[in-house]
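Residue numbers (the working numbering): 231 to 486.
Every residue gets a Cβ at the ideal spot worked out from N, C-alpha and C, and that includes glycine.
Keep in mind it's a predicted model, so treat the numbers as computed, not measured.
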């Protein structure tokens, strides 16, 4: 008989905070609606688990539970401190990187001052072991990719943001039908051709152009961000396991 693995404290806290980030201000959301939202990013929980965690969130955080009618509604108080969810965090980091790229060096300090107070919350998620110093999950590489390439991100951006923010392993399915399992996502880079996911697998660092990715599945397993990795220093390489490839070809994996 197989036994179901009990979630760790870190996983339980991460799930509770994922629920919290999805509870809106000024309107109510039900447990059933949250269950549907979570399923869209690959997080599957039964309704009782969601309700139980919502009760904990309502007890300890700035969330009101309306029990006047069923299904119960949950909302964040209008006076709640401004907090971003994973998707918004990654979007903000990309915006910061793009602005920094087009402004002169003398204004970079101003960009840091404007964005950092909002981005600081990313280091506050409980149970996650961050590396020392700045923790970056998104950036740019050369000039920007075409709009049509960015639009292909719509279906996979939210699960990627979730995995990057909460340091979760992922499995991706390529448009060729191949899968890459147990990847440690380290960040996103925007190049002239595409978005690229930088990830670690078997102690090696790789990148993959996201327009080759059909699906991203977020796993429940956490990982510690490698202390010696710096996204700003990473260079996209036109190499496929030691073989030179044409950047304009359909090849999609590169190793750094």
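Could you give the first and the last residue of the continuous alpha helix (DSSP H) run that contains residue 398? Here the question's residue 398 lines up with position 168 in the chain shown. Counting along the chain, residue 398 sits inside no alpha helix (DSSP H); it lies in the beta strand (DSSP E) bounded by residues 398-404.
Given 8 Å as the limit, is there contact between the segment 411-420 and the segment 390-401, that is, 3 or more CB pairs closer than that? Yes, they touch.
Please report how far the alpha carbon of residue 394 lies from the alpha carbon of residue 298, in whole angstroms. Mapped onto the chain shown, residue 394 falls at position 164. Mapped onto the chain shown, residue 298 falls at position 68. Taking the straight line joining both Cα atoms gives about 38 Å.
Residue closest to residue 254, alpha-carbon to alpha-carbon, out of 453, 444, 449, 315: Here residue 254 refers to the residue found at position 24 of the chain shown. For the residues 453, 444, 449, 315, the minimum Cα distance to residue 254 belongs to 315.
Let's test the definition: count the other Cβ atoms within 10 Å of the Cβ of residue 236 and tell me whether it reaches 16, buried, or not, exposed. In the chain shown, residue 236 corresponds to position 6, counting from 1. With fewer than 16 other Cβ atoms from the protein chains shown falling within 10 Å of its own Cβ, residue 236 counts as exposed.
On the three-state DSSP scale, how would you describe residue 285? Counting from one through the chain shown, the residue named residue 285 turns up at place 55. Helix at residue 285.
At the level of alpha carbons, what is the spacing between residue 450 and residue 269? For the purposes of this step, residue 450 is identified with residue 220 of the chain shown, where counting begins at 1. For the purposes of this step, residue 269 is identified with residue 39 of the chain shown, where counting begins at 1. If you take the alpha carbons of residue 450 and residue 269, they lie about 14 Å apart.
Own chain residues within Cβ distance below 8 Å of residue 217, not counting five before or after: The shown model of the chain, from 231 to 486, leaves out residue 217, and the question about it has no answer.
Answer with buried or exposed for residue 408, where buried requires no fewer than 16 other C-beta atoms within 10 angstroms of its C-beta. Taking the chain shown and counting its residues from 1, one reaches residue 408 at position 178. Exposed is the call here.
Helix, strand or coil for residue 416? Go by DSSP, reduced to three states. Position 186 of the chain shown, counted from the first residue, corresponds to residue 416. Strand at residue 416.
For residue 526, does the three-state DSSP call read helix, strand or coil? As displayed, the chain neither begins before 231 nor continues past 486, which places residue 526 out of reach and without an answer.
Exposed or buried, what is residue 434 when buried is set at 16 or more other beta-carbons lying within 10 Å of its beta-carbon? Within the chain shown, residue 434 is the residue found at index 204, counting from 1. Residue 434 counts as exposed, since fewer than 16 other beta carbons sit within 10 angstroms of its beta carbon.
Contacts around residue 390, its chain only, beta-carbon distance under 6 Å, and the 5 residues preceding and following it disregarded: Within the chain shown, the letter at position 160 stands for residue 390. 446.
Taking 8 Å as the limit between beta carbons, can you name the residues of its chain near residue 305, skipping five residues before and five after? Locating residue 305 in the chain shown gives position 75, where the first residue counts as 1. The beta carbon of residue 305 sits closer than 8 Å to those of 253, 254, 255, 256, 257, 258, 259, 293, 294, 296, all from its chain and outside the five residues before and after it, given in chain order.
Closest to residue 443 by CA distance: which of 386, 272, 419 is it? What you label residue 443 is simply residue 213 of the chain shown in a count that begins at 1. Nearest C-alpha to residue 443: 386.
Mapping the DSSP letters down to three states, classify residue 236 as helix, strand or coil. For the purposes of this step, residue 236 is taken as the residue at position 6 of the chain shown. Correct three-state label for residue 236: coil.
So who's on the other strand from residue 442, going by DSSP bridges? Along the chain shown, read from residue 1 onward, the residue named residue 442 stands at position 212. The partner list for residue 442 (beta bridge, DSSP) is empty, contrary to what the question assumes.
If we ignore side chains and look at the alpha-carbon of each, how far apart do residue 464 and residue 419 end up? Within the chain shown, residue 464 is the residue found at index 234, counting from 1. Within the chain shown, residue 419 is the residue found at index 189, counting from 1. Their backbone Cα atoms lie some 9 Å apart in a straight line.
Buried or exposed (CB count within 10 angstroms, at least 16 for buried), residue 323: Within the chain shown, numbered from 1, the residue matching residue 323 stands at position 93. Buried, because 16 or more other Cβ atoms sit within 10 Å of the Cβ of residue 323.
Beta-carbon spacing of residue 330, residue 321 below 8 Å: The residue given as residue 330 occupies position 100 in the chain shown. The residue given as residue 321 occupies position 91 in the chain shown. No, the pair does not count as a contact, with Cβ atoms beyond the cut-off.
Per-residue burial, residue 238 [other beta carbons within 10 Å of its own, 16 or more giving buried]: Along the chain shown, read from residue 1 onward, the residue named residue 238 stands at position 8. Residue 238 should be labelled exposed.
One question on the structure: do residue 271 and residue 392 come within less than 8 Å of each other, judged by their Cβ atoms? In the chain shown, counting from the first residue as 1, residue 271 sits at position 41. In the chain shown, counting from the first residue as 1, residue 392 sits at position 162. A contact, by the Cβ cut-off of 8 Å.
By the three-class DSSP mapping on this structure, what secondary structure does residue 271 have? On the chain shown, residue 271 is found 41 positions in, with the first residue counted as 1. Coil.
Kindly give me the distance between the Cβ atoms of residue 240 and residue 452, rounded to whole angstroms, as I take these residues to be in contact under 8 Å. Within the chain shown, numbered from 1, the residue matching residue 240 stands at position 10. Within the chain shown, numbered from 1, the residue matching residue 452 stands at position 222. The pair is a contact, with the Cβ atoms about 6 Å apart (cut-off 8 Å).
Let me know if residue 384 comes out buried or exposed under the rule of 16 or more other beta-carbons within 10 Å of its beta-carbon. Here residue 384 refers to the residue found at position 154 when the chain shown is read from its first residue. A residue is called buried when at least 16 other Cβ atoms come within 10 angstroms of its Cβ; residue 384 does not meet this threshold and is exposed.
Going by CA-CA distance only, name the one from 416, 439, 430, 431 that's closest to residue 424. Stepping through the chain shown from its first residue, residue 424 is reached at position 194. The shortest C-alpha separation from residue 424 is found at 439.
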